[in-house]
DNA sequence: CATGAATCGATCATTCGTTATCGATAGATA
DNA sequence: TATCTATCGATAACGAATGATCGATTCATG
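Chains as they are written, first to last, in our numbering: chain C, 1 to 219; chain X, 1 to 219.
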């Protein structure tokens, strides 16, 4: 593992690389090809990859397997990461069945909901507990990550309970701002705003002229 | 509306501002307060807001209502935006019920699925059509935005059909890379990778020392 | 009315990120 | 073997984004 800290920009592109590299057939892959497929500059790709892998070779590129391992190592998904889901409504239960988690080393440890009875209920092979159990659960299993999928009206209250339970980072699907203390990170997953952003970009793209053959990917 | 193009960085923060401003009580709000609540620098906030609003006044700040209108105008959500959902599984149907869309001027025009029968089926007040109807629908109603919520194995095929239907931007929930032509924008919504990213940040944050009182928000 | 505090907005400096260029290397080919 | 090409990696130039500083403005207060 490399010791130099990765830049924020590089860090945000690593998931993109990993997601792409996992689809690559064959044993070798070059930065040129990756760049073309992701709509990035090839120098940038090379620089990013250089930060997390020493496996590049002139003329041949990177061994796919090794690059993939290096990316996973850099992203810290070589070991299981545990997270909880708070809010077992439509979105919450949909995420419980999301097929991407296990591929990326992520394990949803449990779900919590205000309307769960005190007795654990199950969804598939996942337990849904009452919110009152959140703190003891997170502390017992040392869970630091949470996905927030309650309605906007309940978001702040739920977030407060997550913070009190020791959650250090929240993926917020509720379409509203939540206030948290400085040591907690919130990543917004406001689908409506993401769409508004895309809509803007579509309008802006029309004024520009692109030369790459494949489409631009955004993290 | 301002004519100068907004920088990419500014653009990505506007949703955050709007989401926050909508929660503000009272008639005036200052950049200082906004910055503190979003974990950003106050100069940066002032600079961003300056780009989209001329309503700032020394000592008092911005009128909340006006700032909100300006943000909505800049984000282009003062008018209805239409989008389609492709994939009416758990995630797709959960998004149909997402409570954030109407607040942000977004209208889900219809949903499409491979397993829908030829006769339209309804979920709530939304129609679910067969994929074969996608192209004619998008062209008839001039829909340019799509949300992709099919399993990873079906993602590329579905994306191809969306592109062929005239979709210009895709919000991709499938945990995989999809290849699109250069004029199409893809925004990844890989929840697992977002969590991995958060996990990394939590580990990195521990090494730093933060001084702001409220937590850092990520778009 | 004079003073002070809070805020805006502009300029400048600095840091961060991207792009261009070039030499080095490994394989392919004549 | 000599040459050619694709690729890597490093350096340097460029551009974008952030942060610091300062004057200007407005309200509050004595």
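The beta-carbon is built from N, C-alpha and C at its ideal position, and this holds for glycine as well.
Which residues in chain C sit within 7 Å of residue i, going by Cβ to Cβ distance?
i                      : result
residue 187 of chain X : 194, 198 and 218
residue 58 of chain X  : None at all; the shortest Cβ gap to chain C is about 26 Å.
residue 176 of chain X : 19 and 23
Give the residues of chain X in contact with residue i, contact being defined as C-beta atoms less than 8 Å apart.
i                      : result
residue 179 of chain C : 37, 214 and 215
residue 93 of chain C  : 90 and 94
residue 152 of chain C : 99 and 100
residue 158 of chain C : Near residue 158 of chain C there are no residues of chain X at all, since even the closest Cβ is about 15 Å away, more than 8 Å.
List the residues of chain C whose Cβ lies closer than 8 Å to the Cβ of residue i, in chain order.
i                      : result
residue 202 of chain X : 144, 145, 168, 169 and 185
residue 191 of chain X : 95, 98, 100, 101, 147, 171 and 189
Tell me the DSSP bridge mates of residue i?
i                      : result
residue 126 of chain X : X:123
residue 146 of chain C : C:84 and C:170
residue 214 of chain C : X:181
residue 108 of chain C : C:83
residue 188 of chain X : X:172
residue 113 of chain X : X:130
Measure from the alpha carbon of residue i to the alpha carbon of each residue in the options, then state which is nearest.
i                      : options                       : result
residue 11 of chain C  : X:197, X:49 and X:5           : X:197
residue 65 of chain C  : C:37, C:200, C:23 and C:98    : C:23
residue 26 of chain C  : C:119, C:68, C:50 and C:49    : C:68
residue 176 of chain X : X:123, X:20, X:192 and X:38   : X:192
residue 200 of chain X : C:16, C:145, C:46 and C:121   : C:145
residue 182 of chain C : C:170, C:190, C:189 and C:174 : C:170
residue 80 of chain X  : X:194, X:86, X:102 and X:90   : X:102
residue 136 of chain C : C:46, C:53 and C:163          : C:163
residue 178 of chain X : C:60, C:16 and C:5            : C:16
residue 143 of chain C : C:155, C:34, C:134 and C:97   : C:134
residue 57 of chain C  : C:30, C:99 and C:72           : C:30
residue 104 of chain X : X:116, X:117, X:76 and X:50   : X:76
residue 132 of chain C : C:112, C:35, C:60 and C:36    : C:112
residue 138 of chain X : X:156, X:155, X:123 and X:167 : X:167
residue 150 of chain C : C:184, C:161 and C:91         : C:91
residue 126 of chain C : C:107, C:70, C:115 and C:41   : C:107
residue 87 of chain C  : C:59, C:130 and C:60          : C:130
residue 34 of chain X  : X:52, X:51, X:7 and X:62      : X:62
residue 14 of chain X  : X:180, X:153 and X:72         : X:72
residue 115 of chain C : C:128, C:109, C:123 and C:124 : C:128
residue 141 of chain X : X:42, X:20, X:165 and X:194   : X:165
residue 203 of chain C : X:217, X:53, X:185 and X:215  : X:185
Name the chain X residues that come within less than 9 Å of residue i, Cβ to Cβ?
i                     : result
residue 11 of chain C : 197, 200, 201 and 204
What does residue i touch in chain X if you count any residue whose Cβ is under 7 Å from its own?
i                     : result
residue 31 of chain C : Here the premise fails: no neighbours, minimum Cβ distance about 16 Å.
Mind checking whether the beta-carbon of residue i lies closer than 6 Å to any heavy atom of the ligand PLP?
i                      : result
residue 169 of chain C : The model on display carries no ligand, and the ligand PLP is accordingly not part of it.
At a Cβ cut of 9 Å, what residues of the region 118 to 136 of chain X count as close to chain C, listed as they run along the chain? Legend: CB atoms of the region 118 to 136 of chain X lying less than 9 Å from CB atoms of chain C are not found in any residue.
Within 8 Å of chain C by C-beta, residues of the region 61 to 75 of chain X in sequence order: Within the region 61 to 75 of chain X, 75 place their CB atoms closer than 8 Å to a CB of chain C, listed in sequence order.
Please list, in chain order, the residues of the region 94 to 116 of chain X that have any C-beta partner in chain C closer than 9 Å. When CB distances to chain C are screened at a threshold of 9 Å, the residues of the region 94 to 116 of chain X falling below it are 94, 95, 96, 97, 98, 99, 100, 101, 102, 103, 104, 105 and 106, in chain order.
Whole alpha helix (DSSP H) elements within the region 19 to 62 of chain X, 4-residue minimum: Runs found: 31 to 38 and 42 to 52.
Using a Cβ-Cβ cut-off of less than 8 Å, give me the residues of the region 15 to 27 of chain X that come near chain C, in sequence order. Cβ contacts with chain C come from 15, 16, 18, 19, 20, 22 and 23.
Got a sec: which bits of the region 75 to 86 of chain C sit with their beta carbon under 7 Å from any beta carbon on chain X, in order along the chain? Of all residues in the region 75 to 86 of chain C, 75, 76, 77, 81 and 83 have a Cβ within less than 7 Å of some Cβ in chain X.
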